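Visitor: Chains W and L supply the protein sequences, listed in that same order. For the first sequence, the numbering used here assigns the number 1 to the initial residue and increments by one for each residue that follows. For the second sequence, the numbering used here assigns the number 1 to the initial residue and increments by one for each residue that follows. One structure, pasted below without further comment.
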Amino acid sequence: MESVLLPTLTKKEEIDRIINNTIDKVLVLRFGRTSDENCLLLDDILEKSARDVSKFATVALVDVDSDQVQVYVNYFDITLFPSTVFFFNAHHMKLDSGTADHTKWVGKFHEKQDFIDVVEVIFRGAMKGKMIVHCPLPPERIPKFQLLYKDV
Amino acid sequence: MATLEDSFLADLDDLSDNEAELDESDGDDAKKDEEDIDMDMADLETLNYDDLDSVSKLQKSQRYLDIMQKVEEALGKESDGTEKGTVLEDDPEYKLIVDCNQLSVDIENEIAIVHNFIRDKYRLKFQELESLVNHPIDYARVVKKIGNETDLTLVDLEGLLPSAIIMVVSVTALTTKGSPLPEDVLHKTLEACDRALDLDSARKKVLDFVESKMGSIAPNLSAIVGSAVAAKLMGTAGGLSALAKMPACNVQVLGHKRKNLAGFSSATSQLRVGYLEQTEIFQSTPPALKSRAGRILAAKSTLAARVDATRGDPSGTNGKALREEIRKKIEKWQEPPPARQPKPLPVPDSEPKKRRGGRRLRKMKERYAVTDMRKLANRMAFGTPEESSLGDGLGEGYGMLGQAGSNRLRISSVPSKLKINPTIAKKLKERNYAGGATTSGLTSSLAFTPVQGIELCNPQQALGLGSGTQSTYFSESGTFSKLKKI
Numbered sequence: 001m002e003s004v005l006l007p008t009l010t011k012k013e014e015i016d017r018i019i020n021n022t023i024d025k026v027l028v029l030r031f032g033r034t035s036d037e038n039c040l041l042l043d044d045i046l047e048k049s050a051r052d053v054s055k056f057a058t059v060a061l062v063d064v065d066s067d068q069v070q071v072y073v074n075y076f077d078i079t080l081f082p083s084t085v086f087f088f089n090a091h092h093m094k095l096d097s098g099t100a101d102h103t104k105w106v107g108k109f110h111e112k113q114d115f116i117d118v119v120e121v122i123f124r125g126a127m128k129g130k131m132i133v134h135c136p137l138p139p140e141r142i143p144k145f146q147l148l149y150k151d152v
Numbered sequence: 001m002a003t004l005e006d007s008f009l010a011d012l013d014d015l016s017d018n019e020a021e022l023d024e025s026d027g028d029d030a031k032k033d034e035e036d037i038d039m040d041m042a043d044l045e046t047l048n049y050d051d052l053d054s055v056s057k058l059q060k061s062q063r064y065l066d067i068m069q070k071v072e073e074a075l076g077k078e079s080d081g082t083e084k085g086t087v088l089e090d091d092p093e094y095k096l097i098v099d100c101n102q103l104s105v106d107i108e109n110e111i112a113i114v115h116n117f118i119r120d121k122y123r124l125k126f127q128e129l130e131s132l133v134n135h136p137i138d139y140a141r142v143v144k145k146i147g148n149e150t151d152l153t154l155v156d157l158e159g160l161l162p163s164a165i166i167m168v169v170s171v172t173a174l175t176t177k178g179s180p181l182p183e184d185v186l187h188k189t190l191e192a193c194d195r196a197l198d199l200d201s202a203r204k205k206v207l208d209f210v211e212s213k214m215g216s217i218a219p220n221l222s223a224i225v226g227s228a229v230a231a232k233l234m235g236t237a238g239g240l241s242a243l244a245k246m247p248a249c250n251v252q253v254l255g256h257k258r259k260n261l262a263g264f265s266s267a268t269s270q271l272r273v274g275y276l277e278q279t280e281i282f283q284s285t286p287p288a289l290k291s292r293a294g295r296i297l298a299a300k301s302t303l304a305a306r307v308d309a310t311r312g313d314p315s316g317t318n319g320k321a322l323r324e325e326i327r328k329k330i331e332k333w334q335e336p337p338p339a340r341q342p343k344p345l346p347v348p349d350s351e352p353k354k355r356r357g358g359r360r361l362r363k364m365k366e367r368y369a370v371t372d373m374r375k376l377a378n379r380m381a382f383g384t385p386e387e388s389s390l391g392d393g394l395g396e397g398y399g400m401l402g403q404a405g406s407n408r409l410r411i412s413s414v415p416s417k418l419k420i421n422p423t424i425a426k427k428l429k430e431r432n433y434a435g436g437a438t439t440s441g442l443t444s445s446l447a448f449t450p451v452q453g454i455e456l457c458n459p460q461q462a463l464g465l466g467s468g469t470q471s472t473y474f475s476e477s478g479t480f481s482k483l484k485k486i
């Protein structure tokens, strides 16, 4: 199956442009690095479902090792990789999945269908005007992580 | 005009005198047109012509002999092909080709006439043969082979006809009504067959000649369909300009043989192609695309013929380009369709839910529909306070249910389609049974119920609970409370 590679963003302008230009579609930004194993697994799922979800979502990858991107890394408080941030019409969409951090999704998805479900829920919520949606996945599918506050 | 009258008179003499006619026809060689007209007139007058030569005069005509001689000459020597500077119509070779075309058409007509002649004579012997063997030349050959023979097993028809037809012919010969011909009729018939075969070979010769010259006459057309087919097309159309004037749909069926295969159905539409069927392009296309290929061949070859008629492209490059175009188109038709890509998911909530109707849905809805009883209970009469279950306006109102004014004494208990949970149904029964507080030990068939007033029948009997005195211990609707396996 032919999969066009997802666009990888390295510059701040690119990220700005894509956030502003994606209209009426969920924007999925994956922050991570290609050397990470988890990241690669997540990327695989993203690539495979990018076409299926293409009518209501856009997927892009952000390389976290580039300098200009660090602004965003600090803004979104991204410490663990991979992290996925969702946007809709330039609004940051929050996702309550039972973890401590609602602003992003940390880790990989268990299955392609899980990712599609999450994107669909975000889309529905956003179309209704909500800024935060409830994650439809059962808790065992949600990767658990510990939030460290200043390395405590 | 005088000569015309003379020829009329001469033809009248034909009826009795065969030999005199032979001399006549030699003298009339210059006036071939009158001859043709005479021939027709003669046919109309003489319903019973005896002699072959009264029918077919072509072979003796001067025109025929002239052209055949020229053809022999030209076939003998190689033409030098440098005389193309002149306009096409002035080129003597072109004239010869045109004449040959015309002659080939004439020969074909002549063959048809001779065929009629043979058929008429041979009908007495073997009537069914004419419907079994359609083609005039084949018919002539078969007649020649069979001759006066009655037993067809002694006749070997191999190679003249397809084996299926041979079989049919042999079988039909066993049951034919015909009788062997008298000697002179047989002789005439065989002579006619020879004549037909001669004409056929002459025609072949003429066509071969035309074909060999086709490359210089119509280079574009021969580039597309090949020189043999081009010659045949030109021959049947009657010249290059005649072919150019034809619409492409006519060119497509030029030379189409109507095959009535003995008894086989012609309902399966055979392809509508004539001589174009023999072209290399047509033969090499897969059968599914043959009809489309035939159409495009006809169209492009008509274009090429038009170019050739006006001598617009003596080199034939136009024809080659058209051929290439045809080849490309046919290849494109044979490409497999592009692979299907998986469809992306539709946008959530973008399509409104399709509500289905139907019998099944209606039956489902009936179970939860509002019953007549409930409808009546919902309505109220004006001016009268409704009765209620607890009395005095408390509890559920009964509305129009059981009103004295209503014209129904009681609601007919239609077996309701409402589906009630079986446990709830059981409880209802028990309650109805247990709520029979108004009944006493002296139960009668009259019952006083708050809803209906006086009832003539005990509703509990209808439920099958009998009188109210039955204790609940021995509940009708209940089951054994304890079951012990012995």
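Every residue gets a Cβ at the ideal spot worked out from N, C-alpha and C, and that includes glycine. Just so you know, these numbers come straight off a predicted model, no measurement behind them.
1. Applying the criterion that 16 or more other CB atoms from any shown protein chain within 10 Å of the CB defines a buried residue, is residue 83(W) buried or exposed?
2. Three Cβ pairs or more, each shorter than 8 Å: is that satisfied between the stretch 203 to 223 of chain L and the stretch 165 to 180 of chain L?
3. Report the rounded CA-to-CA distance for residue 99(W) versus residue 129(W), giving the unit in angstroms.
4. Looking only at its own chain, which residues have a Cβ that is under 7 Å from the Cβ of residue 131(W), when we skip the five neighbours before and after it?
5. Per DSSP, which residues does residue 31(W) bridge with? Please list them.
6. Identify the residues that DSSP records as bridge partners of residue 57(W): which are they?
7. Output the boundary residues of the beta strand (DSSP E) element that contains residue 95(W).
8. Please look up how many angstroms separate the CB atoms of residue 161(L) and residue 138(L), rounded, as I've assumed it's under 8 Å.
9. Are any of the Cβ atoms in chain L nearer than 7 Å to that of residue 55(W)?
10. For residue 361(L), which of helix, strand or coil comes out of DSSP?
11. Which of helix, strand or coil does DSSP assign to residue 294(L)?
12. Note down, in chain order, every chain L residue with its Cβ under 7 Å from the Cβ of residue 120(W).
13. Based on the DSSP secondary-structure assignment, which residues constitute the bridge partners of residue 110(W)?
14. Does any CB atom of chain L fall closer than 7 Å to the CB of residue 44(W)?
15. Kindly list the residues whose CB is nearer than 6 Å to the CB of residue 41(L), restricted to its own chain and excluding five residues on each side of it in sequence; keep chain order.
16. Per DSSP, which one or two residues make a beta bridge with residue 8(W)?
17. Could you give the first and the last residue of the continuous alpha helix (DSSP H) run that contains residue 67(L)?
18. For residue 399(L), write down the residues that DSSP places opposite it in a beta bridge.
19. Residue 142(W): which of 109(W), 126(W), 104(W) sits nearest, CA to CA?
20. Measuring straight from C-alpha to C-alpha, what distance separates residue 146(L) and residue 155(L)?
21. Within the 7 Å Cβ cut-off, does residue 123(W) reach chain L?
22. With three or more beta-carbon pairs closer than 8 Å as the criterion, would you say the stretch 228 to 239 of chain L touches the stretch 313 to 321 of chain L?
23. What would DSSP say about residue 387(L), mapped onto helix, strand or coil?
24. On the criterion of 16 or more Cβ atoms from any shown chain inside 10 Å, does residue 114(L) qualify as buried, or is it exposed?
25. Taking the alpha carbon of residue 250(L) as the reference point, which residue from 227(L), 276(L), 270(L), 126(L) has its own alpha carbon closest?
26. Tell me, please, whether the stretch 331 to 338 of chain L touches the stretch 354 to 367 of chain L by the rule of three or more beta-carbon pairs shorter than 8 Å.
27. Since I believe residue 104(W) is in contact with residue 57(W) (beta carbons under 8 Å), could you give me their beta-carbon distance rounded to a whole number of angstroms?
28. Can you list, in chain order, the residues of its chain whose CB lies under 6 Å from that of residue 290(L), leaving out five sequence neighbours each side?
29. Quick one: grab the DSSP three-state call for residue 76(W).
30. Under 7 Å between the Cβ atoms of residue 60(W) and residue 7(W)?
31. Would you report the Cα separation of residue 180(L) and residue 61(L), rounded to the nearest angstrom?
32. Can you tell which of 387(L), 92(L), 102(L) has the C-alpha that lies nearest to the C-alpha of residue 63(L)?
33. Please list, in chain order, the residues of the stretch 126 to 148 of chain W that have any C-beta partner in chain L closer than 8 Å.
34. Thinking residue 237(L) and residue 254(L) are a contact (beta carbons under 8 Å), I'd like their distance in whole angstroms, please.
35. Say whether chain W places a C-beta atom closer than 7 Å to the C-beta of residue 345(L).
Guide: Taking the structure as given:
1. The residue in question, residue 83(W), is buried, as its Cβ has 16 or more Cβ neighbours within 10 Å.
2. Touching, no.
3. One C-alpha to the other measures close to 23 Å.
4. 91, 93, 94
5. 62(W), 83(W)
6. 26(W)
7. 91 to 96
8. 6 Å
9. yes
10. helix
11. helix
12. Within 7 Å Cβ-Cβ: 348.
13. None; residue 110(W) has no bridge partner.
14. no
15. Per-residue confidence for residue 41(L) stands at a pLDDT of 43, beneath the threshold of 50, marking its modelled position as unreliable; the derived number appears in the next sentence. A distance below 6 Å between beta-carbons, with the five flanking residues on each side excluded, links residue 41(L) to no residue of its chain.
16. According to DSSP, which records beta bridges pairwise, residue 8(W) is partnered with 61(W).
17. Counting along the chain, the alpha helix (DSSP H) containing residue 67(L) begins and ends at 62 to 76.
18. DSSP output for residue 399(L) lists no bridge partner at all.
19. For the set 109(W), 126(W), 104(W), the Cα lying nearest the Cα of residue 142(W) is the one of 109(W).
20. 6 Å
21. yes
22. Between the stretch 228 to 239 of chain L and the stretch 313 to 321 of chain L there are fewer than three inter-stretch CB-CB distances shorter than 8 Å, so the stretches are not counted as touching.
23. coil
24. With 16 or more other Cβ atoms within 10 Å, it is buried.
25. 276(L)
26. no
27. Not quite, the Cβ-Cβ distance comes to about 16 Å (not below 8 Å), so this is no contact.
28. 271
29. coil
30. Judged by beta-carbon spacing, residue 7(W) lies within the 7 Å limit of residue 60(W), meaning their Cβ atoms are closer than that value.
31. Put simply, the backbone Cα of residue 180(L) is about 34 Å away from that of residue 61(L).
32. 102(L)
33. 127
34. 6 Å
35. At a cut-off of 7 Å, the C-beta of residue 345(L) has a neighbouring C-beta in chain W.
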